[in-house]
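K.L.:
Handing you a structure now.
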Amino acid sequence: IFSNCLDMEITASSNECQSLPPPPPPLPKVSPGLVSPLTRTLPKPPFPISRYISGETTQSVVVYYKDIEPVIQEGPCCGIVALSMAGQFFTGKNLMGIDALGWPAILDVAKSRGFTKNGEMFSAYSIAKLSECALGHKAFVMSDLLQLKMAILMGICKGCPVLVPYDADKNHQPCMNKGRNAHWALLNGVCFELSEDVSCKGYDHWGDMDHAYRLSSLSEIEKYLVSSTKTWVFAYQGKSRHMALWDLETLLSSNQNMFEVTTKYSSEDMILPDGEDILCELRDKAVIVDSVVLKY
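Using UniProt numbering, you'd call the opening residue of the sequence shown number 1 and step up by one each time.
Okay, here's the thing in structure tokens:
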């Protein structure tokens, strides 16, 4: 009886195995062109340059910028963070041993030198001094910015980061609110239109416009820049990880309209310039950081 039961069990098990469905086919391989070999993530989409520049233009658009790792600010540290991103223009640590991304260390230096209480920087001159003592790079305050637009653009192209205070809107773009939302931005690149067609020069397309080209040769950038018909600047600021593209005239107009200090913070919690014209050291001011390292 036991033998018969065993035979019946084996037969049933065999029939069950024969009735199992076949295994599913293997998953298709993902095309290597869709995955970055370094990050194993989808490739970064092209910069939406057509969002900022009219797609109707038939002129060539030339682009030149420095790649920057964005740094997000904590508290009113926009100037400190902008200066830390400016440090990325230069390789390695500076003479103070501060890494380019180490904005807390720069903040400590600013506090120890009496430039700030909580990170606020209401003086372009203090930013320039902080560049020297924290980054080890000489910095210069520029005035009369509307007359020095070409100097700003050329400075960026020559590897000298430019920091500009401006009046920030809710979307962090330049606005005209009398300076109540004073903010600092790092200019890390230039963009301009040309009447000349540069497509035949063999440059690679850039962004989502067919007639936009990214150049890396400084001599060619300078040659084209002097004959540009309209200019924009690439910028980073401490409240977004995304690189912005702003019309240069709009940015400088925003800078020129800074007259009233923010009411978000008590004046006792900020270090402000003396006198009634509190924003006089931001208005019509920009800071350009020299690429040459200071020697002490």
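Each residue gets a CB set at the ideal place from its N, CA and C atoms; glycine is no exception.
Computed from a prediction, not measured in an experiment: that's the story for all the values here.
Bridge partners of M142, per DSSP?
P.N.:
A286.
K.L.:
Mind checking I72: buried by the 16 CB within 10 Å criterion, or exposed?
P.N.:
I72 comes out exposed.
K.L.:
Span of the beta strand (DSSP E) holding S60?
P.N.:
Unbroken beta strand (DSSP E) run through S60: S60 to Y65.
K.L.:
May I have the straight-line CA-CA distance separating S267 from G75, to the nearest angstrom?
P.N.:
So the two alpha carbons sit approximately 16 Å from each other.
K.L.:
Would you call the segment 130–149 in contact with the segment 286–293, where contact means no fewer than 3 C-beta pairs closer than 8 Å?
P.N.:
Result yes; three or more Cβ-Cβ pairs closer than 8 Å.
K.L.:
Compute the distance between the beta-carbons of residue 357 and V109, then report whether it is under 8 Å.
P.N.:
Residue 357 is absent from the structure shown; the chain starts at 1 and stops at 296.
K.L.:
Take S123 and list the residues in its own chain whose beta-carbon comes closer than 7 Å to its own, dropping the five residues that flank it on each side.
P.N.:
Correct list, in chain order: P273 and E281.
K.L.:
Could you say if the segment 207–227 and the segment 251–261 meet the contact criterion of at least three C-beta pairs nearer than 8 Å?
P.N.:
No: fewer than three Cβ pairs fall under 8 Å.
K.L.:
L135 to G87, Cα distance in whole Å?
P.N.:
Straight-line Cα distance between these residues: approximately 7 Å.
K.L.:
Distance, Cα to Cα, S31 vs H137?
P.N.:
Residue placement at S31 is poorly supported in this model, since its pLDDT is 45, which falls under 50; the coordinates still yield a value, given next. Roughly 46 Å between the two C-alpha positions.
K.L.:
So, are the CB atoms of A235 and A185 less than 8 Å apart?
P.N.:
Yes, the Cβ-Cβ distance between A235 and A185 is below 8 Å.
K.L.:
Would you check if the distance between the CB atom of S84 and the CB atom of I49 is smaller than 8 Å?
P.N.:
Cβ distance not < 8 Å, so S84 and I49 don't count as in contact.
K.L.:
Indicate whether the contact test is met: 3 or more Cβ pairs, each with one atom in the segment 189–201 and one in the segment 164–176, closer than 8 Å.
P.N.:
The segment 189–201 is not in contact with the segment 164–176.
K.L.:
Can you check which of these residues, D204, C78, K239 and N177, is closest to V261 by C-alpha distance?
P.N.:
The shortest Cα separation from V261 among D204, C78, K239 and N177 belongs to N177.
K.L.:
With respect to the alpha helix (DSSP H) encompassing T231, which residues constitute its N-terminal and C-terminal limits?
P.N.:
Where T231 is concerned, there is no enclosing alpha helix (DSSP H), although the beta strand (DSSP E) it sits in stretches over K230 to Q237.
K.L.:
Quick one: what's L186 bridged to in DSSP?
P.N.:
In the DSSP output, where bridge partners are listed per residue, L186 has L163 and Y236.
K.L.:
If we count the other Cβ atoms within 10 Å of its Cβ and call it buried at 16 or more, is S126 buried or exposed?
P.N.:
Result: buried.
K.L.:
What does P174 pair with, by DSSP beta-bridge criteria?
P.N.:
Its beta-bridge partners are A168.
K.L.:
Which stretch, first to last residue, makes up the alpha helix (DSSP H) that contains W103?
P.N.:
Counting along the chain, the alpha helix (DSSP H) containing W103 begins and ends at W103 to S112.
K.L.:
H242: buried (16+ other C-beta within 10 angstroms of its C-beta) or exposed?
P.N.:
Exposed, by the Cβ-count rule.
K.L.:
Which first and last residues belong to the alpha helix (DSSP H) in which E212 is found?
P.N.:
It should be noted that the sequence gives Ala, not Glu, for residue 212. Note, A212: premise wrong, no alpha helix (DSSP H); beta strand (DSSP E) at A212 to R214.
K.L.:
Give the DSSP bridge partners of L245, in chain order.
P.N.:
L245 pairs with F234.
K.L.:
So, are the CB atoms of G238 and V81 less than 8 Å apart?
P.N.:
Their beta carbons are under 8 Å apart, which means G238 touches V81 by this criterion.
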